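Chemist: This is the structure I want to talk about, given as structure tokens.
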Amino acid sequence: MKKILVIGAGGQIGSDLIPILRKKYGNDNVISAGYENDLPSYIKDNGPHTYIDVRNKKQIEQVICQYNINTIFNLASILSALAEKKLLLSYEVNFTGLINVLEASKENNVKQVILVSSIAAFGSYTPNELTPNDTIQNPNTIYGISKVFTELLGNYYAEKKGLDVRGIRLPGVISWKREPTAGTTDYAVDIFYKAILEKEYTCFLNENTRLPMIYMPDAINALINLLNADISYLKHKVDFNINSMSFTPKEIANLIKQRIPEFNIYYEIDPLRQSIADSWPNSLDDTVARKEWNWNPKYNINDMIDDMLFNLNIKLNKK
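My numbering applies: residue 2 is where the sequence shown begins, and numbers increase by one.
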């Protein structure tokens with residue numbers, strides 16, 4: 002039986018991942034560990050929860066031993082734009098924290114560690130259309146550098162230390178359960194909140210900035226499917242591209258406007274986040290993930306928009 006620890010449980014992905022894991026493996030077998038982001042009540046009230054600062058290796062070890070953990074999802078991370086402003090904190094969480102998780106896992110008989118990389122691992126020298134799985138990366142942000150480090154160190158522990166480490170490169174993730182934060186792709190979440198509440202949105206990216214995105218249910222399925230994939234088929238480990246949809250702020254605004262006619266979008270470009278977005282791919286080639294563990298997304302852009310508006314209208318008491 003899996004005993005799963007989700008570190009970074011209060012973030013965007015953890016908030017959606019934990020209920021699905023608990024449904025699949027049992028409430029008592031999935032331990033949520035938050036830190037700065039408070040855990041939602043639907044997580045705290047429905048299974049074991051604790052708090053972990055990934056900068057503290059002993060704290061990680063204590064939780065592993067207390068709950069007999071054999072599987073860890075490490076979702077703790079300082080995201081792109083915030084990482085540029087808080088470089089040392091980003092280093093401590095994204096670099097040192099990762100080493101602590103992997104070392105604690107190796108030393109305490111954890112069997113599997115699932116890591117999350119990002120399109121931020123790519124840079125301006127990377128082919129930006131259907132970016133190959135194996136290609137030059139060369140990111141120019143501390144967040145992107147940390148994600149290359151995540152991939153390389155994860156592969157190192159898998160190949161040299163015998164730890165079963167796996168991971169995916171996520172595009173921008175769209176979800177309705179948690180409010181947007183400091184991510185460069187978070188405009189694609191915030192635009193829905195503003196469309197419903199204010200009928201207008203001011204975007205910090207240029208209207209023609211195309212980025213790859215994924216809807217949260219597909220991202221969760223990808224993580225769980227990779228967790229359970231037959232290791233004998235996995236030639237790659239921590240660096241799987243997964244692709245779903247790509248769009249620009251102008252395109253998604255037009256599709257929202259078809260559903261909310263009074264909605265309007267405006268633009269005030271944030272130079273920092275625009276420069277970050279300009280260094281990222283427009284779309285990803287996910288042939289490797291499809292071949293090695295049968296990755297296949299379910300949501301297209303119109304399905305995602307309809308589901309986001311439906312759920313956010315309920316959440317925001319607008320329906």
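Yeah, the Cβ is synthetic: ideal placement off N, Cα and C, and Gly gets one too.
Remember, predicted model here, so these are calculated numbers, not experimental data.
When DSSP labels each residue in this structure, what does Val289 get in the three-state scheme?
Modeler: helix
Chemist: Please classify Glu152 as buried or exposed, where buried requires at least 16 neighbouring CB atoms within 10 angstroms.
Modeler: buried
Chemist: At what residues does the alpha helix (DSSP H) containing Ser147 begin and finish?
Modeler: Ile143 to Lys161
Chemist: For Ile220, which residues of its own chain have a beta-carbon under 7 Å away from its beta-carbon, when the five flanking residues on both sides are left out?
Modeler: The residue you asked about is not Ile; residue 220 is Ala in the sequence shown. Taking Ala220 as the centre and dropping the five residues before and after it, the same chain places the C-beta of Ile14, Leu171 and Val174 closer than 7 Å to its C-beta, in chain order.
Chemist: Less than 9 Å between the C-beta atoms of Gly124 and Ile137, yes or no?
Modeler: In this structure, the beta-carbon distance from Gly124 to Ile137 falls below 9 Å.
Chemist: Can you give the Cα-Cα distance for Gly163 and Ile73, rounded to whole angstroms?
Modeler: 15 Å
Chemist: Grab me the residues of Thr186's own chain with a C-beta within less than 7 Å of its C-beta, minus the 5 sequence neighbours each way, in chain order.
Modeler: Gly173, Leu212 and Met214
Chemist: Excluding five sequence neighbours on each side, which residues of the same chain lie with their C-beta closer than 7 Å to the C-beta of Asn301?
Modeler: Met246
Chemist: Decide yes or no for the touch test of the stretch 282-302 against the stretch 128-137: beta carbon pairs closer than 8 Å, at least 3 of them.
Modeler: yes
Chemist: Please classify Lys320 as buried or exposed, where buried requires at least 16 neighbouring CB atoms within 10 angstroms.
Modeler: Residue placement at Lys320 is flagged as unreliable, the pLDDT there being 49, under the threshold of 50; the coordinate-derived value follows with that caveat. Exposed: under 16 other Cβ atoms inside 10 Å.
Chemist: If you draw a straight line from the alpha carbon of Glu201 to that of Ile79, how long is it in whole angstroms?
Modeler: 29 Å
Chemist: Taking only runs that begin and end inside the stretch 21-93, name each unbroken alpha helix (DSSP H) of 4 or more residues, in chain order.
Modeler: 42-45, 58-68, 81-86 and 88-91
Chemist: Rounded to the nearest angstrom, what separates Arg56 and Pro262 at their Cα positions?
Modeler: One C-alpha to the other measures close to 48 Å.
Chemist: So, is Phe311 buried or exposed, given that buried needs 16 or more other C-beta atoms within 10 angstroms?
Modeler: exposed
Chemist: Looking at C-beta atoms only, is the number of pairs between the stretch 153-162 and the stretch 188-208 that lie closer than 8 Å three or more?
Modeler: no
Chemist: Rounded to a whole number of angstroms, what is the C-alpha to C-alpha distance between Lys45 and Glu269?
Modeler: 38 Å
Chemist: Contact defined as beta carbons within less than 8 Å: I believe His50 pairs with Asn134. What is the distance between those atoms, to the nearest angstrom?
Modeler: Not a contact, Cβ separation roughly 35 Å.
Chemist: Can you tell which of Trp296, Asn303 and Gly145 has the C-alpha that lies nearest to the C-alpha of Ile243?
Modeler: For the options Trp296, Asn303 and Gly145, the alpha carbon positioned closest to that of Ile243 is the one of Trp296.
Chemist: Just the C-alpha distance for Gln60 and Ile32, rounded to the nearest angstrom, thanks.
Modeler: 14 Å
Chemist: To the nearest whole angstrom, what separates the beta carbons of Leu228 and Gln63, a pair I think is in contact under 8 Å?
Modeler: Going by Cβ atoms, the distance from Leu228 to Gln63 rounds to 24 Å, so no, they are not a contact pair.
Chemist: Measure the beta-carbon distance from Tyr144 to Ala84 and round it to whole angstroms, keeping in mind my assumption that it falls under 8 Å.
Modeler: That pair is a contact at about 4 Å.
Chemist: Which value, in whole angstroms, describes the spacing of the CA atoms of Lys4 and Ala254?
Modeler: When rounded, the separation of the alpha-carbon atoms in Lys4 and Ala254 is 42 Å.
Chemist: Would Asn71 pass as a contact of Leu99 if the rule is Cβ separation under 9 Å?
Modeler: no
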